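Input: a single structure, listed below in structure tokens.
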Amino acid sequence: MLVVFIGPPGAGKGTQARRLAADLGVPHLSTGDILRHAIERDTPLGRQAASFMNQGRLVPDSVVIDIVGQRIAEPDCAGGCLLDGFPRTIEQARALDELLQGRAASIDIVLELRVDRKELLRRMLSRSQLEGRADDTPETIAQRFEVYGRQTEPLLDFYRDRKVLRSVDGMGTPDEVFARIRACVAAK
Ligand code: ADP
């Protein structure tokens, strides 16, 4: 099963994606997590990604496409995986198509998590206090919303046209949201 999660910053993608991956028994592949680990370990990839991430901008397509290409070629992804935070641009979506074509695989479902702007802001500001994520400052948050609207939202139409998009209400407790996600995936 190949599942893609799309949602604005603060929508709870990470939490829900991790849970759904465990439930489906497929690897959880978060480009944000991979990049953050690279930054922590101060690898060449981390050094390249840090300035983009800290400004709330996207890391260049070629960089993340390479990361995902390598990761989904690993044996544990043979039965599918859950992509969290990728694709985030139309170019990444096209690259994913090519990667999957090469493996005779296709996307089963794209889940959009919808949360209103006021709640997103509230969640992100509380996360910045709890986790101290470097990109959770007010300026960076505003920039990430702008980037989401301009670069990532166009993907919703892209996947809607292919009839794989399902939008899920992301308001409420994590358990409530997860129940909706599960129902969506089960109906597929
Ligand atoms: P959020 O959805 O809260 O912004 P993520 O952990 O998914 O959190 O992403 C954090 C940052 O990592 C992004 O703002 C961006 O700089 C970088 N990033 C993650 N995934 C991608 C991607 N697919 N393309 C480009 N940049 C990415």
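Residue numbers for the sequence shown follow this note's numbering, so the first one is -16 and each next one is one higher.
Where is the CB? At the ideal position from N, CA and C, for every residue including glycine.
None of these values were measured; they are calculated from a predicted model.
(1) Would the beta-carbon of P58 be found less than 6 angstroms away from any heavy atom of the ligand ADP?
(2) Could you check which residue in S150, I(-11), G(-3) and L(-15) has the C-alpha nearest to that of L7?
(3) Decide if H11 is buried, meaning its Cβ has at least 16 other Cβ atoms within 10 Å, or exposed.
(4) If I follow the unbroken beta strand (DSSP E) through C64, where does it start and stop?
(5) Per DSSP, D152 forms a beta bridge with which residues?
(6) Assign S13 to one of three DSSP states: helix, strand, or coil.
(7) Going by C-alpha to C-alpha distance, which of S150, A5 and F35 sits closest to L139?
(8) Tell me where the beta strand (DSSP E) around K(-11) begins and ends.
(9) Going by beta carbon distance, what residues of the same chain come within less than 6 angstroms of A(-6), once the five residues before and after it are set aside?
(10) Flag this pair as yes or no: are the beta carbons of R127 and P(-8) separated by less than 7 angstroms?
(11) If you measure from the CB of G15, is any heavy atom of the ligand ADP nearer than 6 angstroms?
(12) If you reduce the DSSP assignment to three classes, tell me which class I90 lands in.
So, to answer that:
(1) no
(2) L(-15)
(3) buried
(4) C64 to D67
(5) R97
(6) strand
(7) S150
(8) The residue asked about is misnamed: residue -11 is Ile in this sequence, not Lys. L(-15) to I(-11) is the extent of the beta strand (DSSP E) around I(-11).
(9) L96, V98 and G153
(10) yes
(11) yes
(12) coil
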